[in-house]
């Protein structure tokens, strides 16, 4: 029996970054990369061997064509990408260096997906053979149109018995806390698998600030109410300790609705490209869930996948399952693999 398909919905954009350690103010040349949260998850899951479909709307021009080629090159199905609209969204990313943090500037207003409508999409065809649907808070934040598309998609998914995965991915440049809370309260009742942290629960959803002094207690107090109120199966997230802009330590947790908390101390690494690390974590965890692994194994795999992504240029984690296992098990050390 063939594995059920994964469907992700969101925006893919063109990312422009100064070369080397330059700032945007200095730049005369920009490196171009295509990416976006749900597109990154789709690519990573495809690299792990899954059948994945990415759904979006792209302009009927060369930039739209290039974005589709990027997805297809990594094995992602784009057959239900809608063409039309005014433009492709852009963002400028100035990489951090040592004590200087990274900066992101968005130029995505009036993008094709921001002006899309639910009726643009053939939901019957999109969800044919699907077993899992994934999207994130960025898509809800882009515009009221994109939010309506995502809401229709999640309704269509649940109507067909498709499991729903959702990543909070709050971006303060895109919307206010009050707007985010209103949208999340409408969306979370459809969610089975959640990626969110303590700050999301407290600052966005308004859950009372935790009184616990330890990370485990804070996690339980902040996130258990979300699981119970909305009937969510699991919530997972990362803890990031920043030694500098270019050296981080990443650990994480998974909390089940039954109250079982899994922790993993993760990895310390030097950063080549930070963008997409959270998407790599989500894809790694979903890979384990799809494989039927225990939550602790899925968490360990997700953290290793995210750590690897930080060493790869571009938005998406193009590591294979075996490469992630090698890091988990330190099987090959750091010698050249010949």
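In this note's numbering, the protein residues as written are 3 to 340. Even for Gly, the Cβ is constructed at its ideal location relative to N, Cα and C.
Can you tell me which of the options puts its alpha carbon nearest to the alpha carbon of residue i?
i	options	result
residue 297	261, 269 and 276	261
residue 62	37, 19 and 113	113
residue 273	89, 246 and 330	246
residue 27	250, 85 and 96	96
residue 203	6, 239, 332 and 125	239
residue 278	321, 299, 267 and 292	321
residue 174	205, 167, 200 and 254	205
Would residue i and residue j be called neighbours here (beta carbons separated by less than 8 Å)?
i	j	result
residue 234	residue 193	yes
residue 133	residue 155	no
residue 147	residue 116	yes
residue 137	residue 37	no
residue 42	residue 318	yes
residue 171	residue 39	yes
residue 224	residue 212	yes
residue 9	residue 55	yes
residue 109	residue 92	yes
Check residue i in the structure and name its three-state DSSP category.
i	result
residue 229	helix
residue 57	strand
residue 137	strand
residue 27	coil
residue 244	strand
residue 72	helix
residue 174	coil
residue 34	strand
residue 297	helix
residue 96	strand
residue 237	strand
residue 6	coil
residue 320	coil
Return the first residue and the last residue of the alpha helix (DSSP H) that residue i is part of.
i	result
residue 43	39–49
residue 164	Element bounds for residue 164: n/a, residue is neither H nor E.
Assuming residue i is part of the beta strand (DSSP E), what are its boundary residues?
i	result
residue 269	263–272
residue 250	249–258
Under 8 Å between C-beta atoms, does residue i make it to chain B?
i	result
residue 148	Structure shown: chain B not included; a single protein chain is present.
**Request:** Kindly confirm or deny that the segment 13–25 and the segment 252–259 touch, where touching means at least three C-beta pairs closer than 8 Å.
**Result:** no
**Asked** Are there three or more Cβ pairs, one per stretch, closer than 8 Å when the segment 218–237 is compared with the segment 181–196?
**Response** yes
**Prompt:** If we count Cβ pairs, one from each stretch, closer than 8 Å, do we get three or more for the segment 76–87 versus the segment 44–54?
**Reply:** yes
**Message:** Does the segment 216–223 come into contact with the segment 181–192, if we say contact requires no fewer than three beta-carbon pairs (one atom in each stretch) closer than 8 Å?
**Reply:** no
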